[in-house]
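The number in the numbering used here is simply the position in the sequence shown, starting from 1, with 196 added.
See below for the structure under consideration.
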Amino acid sequence: MRVRAALASAVAAAAVLLMLVGGGECAMYKVGDLDAWGIPPASKPDVYVRWPKSIHFALSDSIWFLYPPSQDSVLQVTARAFAACDLANPVLKLADGNSVFNLTTPGRVYYTSGAPGHCHKGQKLTIDVPMANGTHVPPSADDLAAIAHAAADEPPAEADGPAGALSDSAPSDAHHSPSSALRAVAGAGSVLAAAAVSFALLV
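Spelled out as structure tokens, the structure:
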């Protein structure tokens, strides 16, 4: 137990050191601010619709999906596949339970669960990645179709959510809001930090 805790601390320290050396501005965000990537809970049926709207993503940020690898996975898919919940030919599939996607290309990116039936139950996510100057790429025809389809499937929002509930309004002015799990972690250090947190959870 002590050895595991010491190793987790060492990995976290290495992540901080890399952050300081790299001096980058990129951040890692734990998807949905939930305990794990999964079917939206009844208390937050639209969590994956509302969560991205609460964050100002920047080019080179990362998003982190945490889940039991024996039960789920993450697929990056096209706009058309996202709208149809088509899991057959993903752009990329990660199934290690501790999946990090780097947002390195401007435009809208689409993610969904690889578990059968989960996408149709709302376990899918879109993120608009801005260009380096902060402006967004105009949506393509496929993007617009996916947006319209997602809006039709979106569950009704809570009338009066609890304090701290995500808002449908535009993100706050701060790029790195304190609500998500990991913030202001640069480059390779972000991956090490995620590993440290996951390792610590096993202790």
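All C-beta atoms, glycine included, are put in the ideal place defined by N, C-alpha and C.
Values in this document were obtained by computation on a predicted structure and should not be read as measured data.
Quick one: what's residue i bridged to in DSSP?
i: Asn294; result: Leu262
i: Gln272; result: Leu288, Tyr307
i: Thr322; result: Tyr306
i: Lys226; result: Trp260
Distance, Cα to Cα, residue i vs residue j?
i: Ala143; j: Ile251; result: The shown model of the chain, from 197 to 399, leaves out residue 143, and the question about it has no answer.
i: Ala341; j: Ser269; result: 25 Å
i: Trp233; j: Lys240; result: 13 Å
i: Ala254; j: Val287; result: 21 Å
i: Leu230; j: Ser336; result: 30 Å
i: Asp242; j: Asp339; result: 19 Å
i: Glu221; j: Ile343; result: 29 Å
i: Val217; j: Ala347; result: Low local confidence applies: a pLDDT of 37 at Val217 is under 50, so the model's placement there is unreliable, with the coordinate-based value given in what follows. Their Cα atoms are separated by approximately 43 Å.
i: Ser373; j: Ala223; result: Any reading at Ser373 must be qualified, since the residue scores a pLDDT of 44, below 50, and its modelled position is unreliable; the value itself is stated next. Each residue's alpha carbon lies about 10 Å from the other.
i: Gly194; j: Arg276; result: Given that the chain is displayed from residue 197 to residue 399, the structure contains no residue 194 and the question cannot be resolved.
Contact check, residue i vs residue j under 8 Å by CB: the rounded distance?
i: Lys320; j: Tyr225; result: In fact, because the Cβ distance is near 16 Å, the residues do not count as touching under 8 Å.
i: Leu271; j: Gly310; result: 5 Å
Is residue i near the ligand MN, going by C-beta to nearest heavy atom under 7 Å?
i: Pro241; result: This structure lacks the ligand MN, and indeed carries no ligand of any kind.
Smallest Cα separation from residue i: which of the options?
i: Ala419; options: Glu221, His316, Phe297; result: In the structure displayed, the chain extends from 197 to 399; residue 419 sits before or after that span and is not available.
i: Phe261; options: Phe297, His332, Asn285, Ile343; result: Phe297
i: Gly330; options: Asp242, Trp247, Arg246, Ser256; result: Ser256
i: Ser258; options: His332, Thr300, Gly318; result: Thr300
Check whether the region 260-272 touches the region 280-299, taking contact to mean three or more Cβ pairs, one atom from each stretch, closer than 8 Å. yes
Counting pairs of Cβ atoms below 8 Å between the region 299-306 and the region 325-335, do you hit three or more? yes
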